[in-house]
Amino acid sequence: MKRTLATSLAALVAGGSMAAAEGVVNFYNWGNVTPPELIERFEAETGIRVTVTDYDSNDTALARVRQGGHGFDLVVPSNNYVETWIAEGLVIPLDREIVTNIDNIAPEWMDVDFDPGRQYSTPYFWGTTGLIVNTSVYDGNPHTAGIIFDPPEELRGRINVVPEMSDIITMAIRYHGGQQCETDMDILRQVRDTLMGAREHWLAMDYGNIDAYVANDISAGVYWNGGAMRARLQNDDLVYGYPQEGFSVWMDNVMVLSDAQNPEGAMKFVNFLLEPENAAAISNFSRYASGVVGYEEFLEEEMRTAPEIVTPPELVGAGAFSIPCPQEVNDIYSQIWTELMQ
Amino acid sequence: MAEPRESHRWKWLLCAPALTILVLAASGPLLIVLVYSFLTPGNMGGVVWQFSTDGWFRVFFRRDIFSPEDVSWNTAHLTIFWRSIWLSLQTTVICAVLGFPTAWFIATRPANTRTVWLFLITIPFWTNLLIRTFAIQELIRNSGTINTLLLWAGVIDAPIQMLFSEFAILIGMAYVFLPLMVLPLYAAMDKLDFRLVEAGYDLYASRLQVLRHVILPLVKPGFIAGSILVFIPSIGAYVTPRVLGGGRTMMLGNLIDLQFGQGRNWPLGAALAITLLVIVVAALLFYLRTLNREEGGRHG
């Protein structure tokens, strides 16, 4: 169907205000992980238009939605934030009448601690928080958090650390032999001192762009496996490291907002994302694994064997699913974090 | 007697709608920020309605997490304050040095071509600030245009680290704010009576003397307007330090943003926002006082 310029312009001008009436779903998702062809497919199947708005951190998404008036229908928080979203009444339970594909969720991702029985959320993708190293600059062992916290000479001043509080503090706690949500003050003091000491060797604290790693503007950093794989596909020198001291496994989850303007369309979109073929499209684009049964069939070959997706057997044991920490622990983390970010 | 009072009242009545909006829209949000700065941070952002001066305390002091009795100056914040002021001053000076010849060039063109030159000055405004900043990033990154050219020419052996530094922020801000200096300078030069310049030469003044004693005093209002227009947005700059500073080299705007996001300390963010406001007002007062004193001196 051919659209005239006038109607396209009118659609542009009308924008968000007309959204609900016209059958639009506003998808608030992490940046650069929504495959455009998936959106087109959904629009073709249902006639519902989808807009995508990016965010780069859980805190940003939470702060923006809390304020209201955002106009979004769907959001994709990480597992350790899901309970906050539910507890604050920001999201609504899934409509099982519409989300009939719920049984496509892989059994191990079905009865999760953060949302038992998947009342509110469905898997978008899951991944690990690890390291990325450019082997042309440093060819030592990439599987240690020492790369960030006690960097080898070659990497000093060439490191980027993503500004995600729980990822970084947890990595530092494990580096000092502690556990997630550690409360031992001696370990936390070491964590603080290590972070403050390491900071001078860091070039940036940014959501490291894939192209900055590809161009070797940054030679090492804390990164997520999917981003690391996308970078590696453009530059063979890059490797992904699983910190042997311990690393986090996480999942981002699709949820429908309580103040959604088009909850029905949003539920349809949730259901659509649970089709194995569509889940595979997300994985092929973002390079993260899916939590949907049978998506492997539609997966690109290089995804099946990628070292970023298939954890080396000797390091599998170091991985642990991330959990939310109690408020009093978070308070200490926040203070360390604020000090670090100054 | 009655007539002027009547018209006076009309003036106020006609101004009332605009004044109401200005007062409400300016003081309302500011009041909220002020109130928030005296509250307690909530769980994962937001505020709890409980009075606290901790936000203000932390603007200037830091209390060690592990030994709370250990209180010292918050050098991290003071560094960021100083960096913001220092970089903004440098930006203002760079813009003035580059802006003066540019404005002079335009002002001395024939009247019919001046509009074209002015028009050219406004071209950067056609593109979004963020995109222009990313373009600068492309120029100065390690694999960017400048480093590639220098490497190719054999001037350097390894790329110079320019991105994610104060230098990068300075380049970015000087580029972004330059037109804001050129335009008021041009406005001042446009009104300049060039007969005065000729008179200076007739009185055997050298070029430098004419510049110092005739031109500069006459275009000074342009310099002052330009300096205010450059300095004030510079000190609150957000996008430029965010993109070119890499999140490590922060300015005040980024520090405030941090408290409302990852820092999860809204009261501190609010207190910092008000601190920024105070710095800006102090700078403005300083400019105005210098201006008045000089004017007073000339007449007296």
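In order, the protein sequence lines correspond to chains E and H.
Going letter by letter, the first sequence gives residues 823 to 1164 in our numbering.
Going letter by letter, the second sequence gives residues 1378 to 1677 in our numbering.
Idealized CB from N, CA, C, for every residue including glycine.
State the Cα-Cα distance for the pair residue 1683/H and residue 1410/H, rounded to the nearest angstrom.
Residue 1683/H falls outside the range modelled here, since chain H spans only 1378 to 1677, and no answer is possible.
Can we say the region 963-978 of chain E touches the region 937-948 of chain E, given the rule of at least three CB pairs closer than 8 Å?
They do not touch, by the three-pair rule.
List the residues that DSSP assigns as beta-bridge partners of residue 877/E.
Locating residue 877/E in the first sequence gives position 55, counting from the first residue. 852/E, per the DSSP bridge assignment.
Kindly list the residues whose CB is nearer than 6 Å to the CB of residue 843/E, restricted to its own chain and excluding five residues on each side of it in sequence; keep chain order.
Locating residue 843/E in the first sequence gives position 21, counting from the first residue. Bear in mind that a pLDDT of 43 at residue 843/E, under 50, signals an unreliable position, so the number given afterwards is only what the model happens to contain. Closer than 6 Å at Cβ, skipping near neighbours: no residue.
Taking the runs of the beta strand (DSSP E) that are 3 residues or longer, which of them lie wholly in the region 1003-1050 of chain E?
Counting whole runs of 3 or more residues, the region 1003-1050 of chain E contains the beta strand (DSSP E) stretches 1024-1026 and 1042-1046.
Counting only C-beta atoms, is residue 1519/H closer than 8 Å to chain E at any point?
Counting from 1 along the second sequence, the entry for residue 1519/H is found at position 142. Yes, because at least one Cβ of chain E sits closer than 8 Å to the Cβ of residue 1519/H.
Mind checking who residue 951/E pairs with in its DSSP beta bridge?
Translated into positions along the first sequence, residue 951/E becomes position 129. Note: residue 951/E sits in a beta bridge opposite 1046/E and 1070/E.
So, helix, strand or coil for residue 980/E, using DSSP?
Translated into positions along the first sequence, residue 980/E becomes position 158. Coil at residue 980/E, not helix or strand.
Note down, in chain order, all residues in the region 1409-1427 of chain H with a beta-carbon under 9 Å from any beta-carbon belonging to chain E.
Within the region 1409-1427 of chain H, the residues whose Cβ lies closer than 9 Å to some Cβ of chain E are 1418, 1420, 1421, 1422 and 1423, listed in chain order.
Let's see if you can read the secondary structure: which residues bound the beta strand (DSSP E) around residue 1448/H?
For the purposes of this step, residue 1448/H is taken as residue 71 along the second sequence, with counting starting at 1. That run of the beta strand (DSSP E) goes 1448-1450.
Does residue 1165/E come within less than 8 Å of chain H when only Cβ atoms are used?
It is not possible to answer for residue 1165/E, since the shown part of chain E is limited to 823 through 1164.
For residue 1014/E, decide whether its Cβ has a neighbour in chain H, counting only Cβ atoms nearer than 8 Å.
In the first sequence, residue 1014/E corresponds to position 192, counting from 1. Judged by the 8 Å Cβ criterion, residue 1014/E is in contact with chain H.
Taking only the alpha-carbon atoms, compute the straight-line gap between residue 1543/H and residue 1461/H and give it to the nearest angstrom.
The residue you call residue 1543/H lines up with position 166 of the second sequence. The residue you call residue 1461/H lines up with position 84 of the second sequence. For residue 1543/H and residue 1461/H, the distance between alpha carbons rounds to 10 Å.
Interface residues of chain H around residue 1037/E at Cβ under 8 Å?
What you label residue 1037/E is simply residue 215 of the first sequence in a count that begins at 1. Near residue 1037/E (Cβ distances below 8 Å), the residues of chain H are 1518, 1519 and 1520.
Are the CB atoms of residue 1007/E and residue 901/E nearer to each other than 8 Å?
For the purposes of this step, residue 1007/E is taken as the residue at position 185 of the first sequence. For the purposes of this step, residue 901/E is taken as the residue at position 79 of the first sequence. Going by C-beta atoms, residue 1007/E is not nearer than 8 Å to residue 901/E.
Where do the N-terminal and C-terminal ends of the beta strand (DSSP E) with residue 1061/E fall, by residue?
Walking along the first sequence from the start, residue 1061/E turns up at place 239. Per DSSP, residue 1061/E belongs to the beta strand (DSSP E) from 1060-1063.
Could you tell me which of 1420/H, 1459/H, 1481/H and 1421/H sits nearest to residue 1569/H, measuring between CA atoms?
Taking the first residue of the second sequence as 1, we reach residue 1569/H at position 192. Nearest of 1420/H, 1459/H, 1481/H and 1421/H to residue 1569/H, Cα basis: 1481/H.
Using a beta-carbon distance below 8 Å, is residue 1637/H in contact with chain E?
By 1-based counting over the second sequence, the position of residue 1637/H is 260. Yes, contact with chain E.
Go through its chain and collect everything with a Cβ distance to residue 1093/E's Cβ below 7 Å, but skip five positions before and after it.
Within the first sequence, residue 1093/E is the residue found at index 271, counting from 1. Closer than 7 Å at the Cβ level, and outside the excluded window around residue 1093/E, lie 920, 921, 922 and 923.
Where does residue 1520/H fall in DSSP's three states?
Locating residue 1520/H in the second sequence gives position 143, counting from the first residue. Correct three-state label for residue 1520/H: coil.
Which residues, in order along the region 860-890 of chain E, keep a beta-carbon less than 7 Å from a beta-carbon of chain H?
Listed in sequence order: 879, 881, 882, 884, 885 and 888.
Out of 982/E, 1095/E and 992/E, which one is the CA nearest neighbour of residue 1165/E?
With chain E represented from 823 up to 1164, any question about residue 1165/E goes unanswered, as that position is not in the structure.
Under three-state DSSP, which class holds residue 1436/H?
Taking the first residue of the second sequence as 1, we reach residue 1436/H at position 59. Residue 1436/H falls in the helix class under three-state DSSP.
Closer than 7 Å by C-beta to residue 1555/H: which residues in its own chain qualify, once you throw out the five before and the five after it? Chain order, please.
Sequence index remark: in the second sequence, residue 1555/H carries index 178 (1-based). Only 1472, 1475 and 1476 meet the Cβ criterion.
How would you label residue 889/E, buried or exposed, when you count the other beta carbons within 10 angstroms and need 16 or more for buried?
Translated into the one-based positions of the first sequence, residue 889/E becomes position 67. Exposed is the call here.
Thinking residue 896/E and residue 1142/E are a contact (beta carbons under 8 Å), I'd like their distance in whole angstroms, please.
Looking up residue 896/E in the first sequence gives position 74. Looking up residue 1142/E in the first sequence gives position 320. Between residue 1142/E and residue 896/E the Cβ distance is about 28 Å, and since that is not below 8 Å, they are no contact.
With DSSP run on the structure shown, which of helix, strand or coil describes residue 1131/E?
Working through the first sequence from its first residue, we reach residue 1131/E at position 309. In this structure, residue 1131/E counts as coil in the three-state DSSP scheme.
If you draw a straight line from the alpha carbon of residue 1148/E to that of residue 1398/H, how long is it in whole angstroms?
Start at 1 with the first residue of the first sequence, and residue 1148/E comes out as number 326. Start at 1 with the first residue of the second sequence, and residue 1398/H comes out as number 21. In a straight line, the C-alpha of residue 1148/E is about 44 Å away from that of residue 1398/H.
Residues in the same chain with beta-carbon distance under 6 Å from residue 848/E, minus the five sequence neighbours each way, listed in chain order, please.
For the purposes of this step, residue 848/E is taken as the residue at position 26 of the first sequence. Once the five neighbours on either side are set aside, the close Cβ partners of residue 848/E are 873, 893, 894 and 895.
Count the CB pairs spanning the region 1481-1491 of chain H and the region 1562-1576 of chain H that are closer than 8 Å, and state whether there are at least three.
Counting Cβ pairs under 8 Å, three or more are found: they touch.
Measure from the C-beta of residue 1156/E to each C-beta in chain H and report whether the shortest distance is under 8 Å.
For this step, residue 1156/E is matched to residue 334 along the first sequence. Taking Cβ atoms only, chain H reaches closer than 8 Å to residue 1156/E, which makes this a yes.
When you compare the CB of residue 1378/H with every CB in chain E, is at least one pair closer than 8 Å?
Within the second sequence, residue 1378/H is the residue found at index 1, counting from 1. Its pLDDT being 48, under 50, residue 1378/H is placed unreliably in this model, and the value from its coordinates should be taken loosely. No, because no Cβ of chain E sits closer than 8 Å to the Cβ of residue 1378/H.
Which residue wins for smallest C-alpha separation from residue 1025/E, given the options 1505/H, 1623/H, 1545/H and 1385/H?
Numbered from its first residue, the first sequence carries residue 1025/E at position 203. When each option's Cα is compared against that of residue 1025/E, the closest is 1623/H.
What first and last residue would you give for the beta strand (DSSP E) that runs through residue 1142/E?
Indexing the first sequence from 1 puts residue 1142/E at position 320. 1141-1143 is the span of the beta strand (DSSP E), which, as asked, contains residue 1142/E.
Going along the region 1539-1557 of chain H in order, which residues come within less than 8 Å of chain E, judged by CB to CB distance?
Within the region 1539-1557 of chain H, the qualifying residues are 1540 and 1541.
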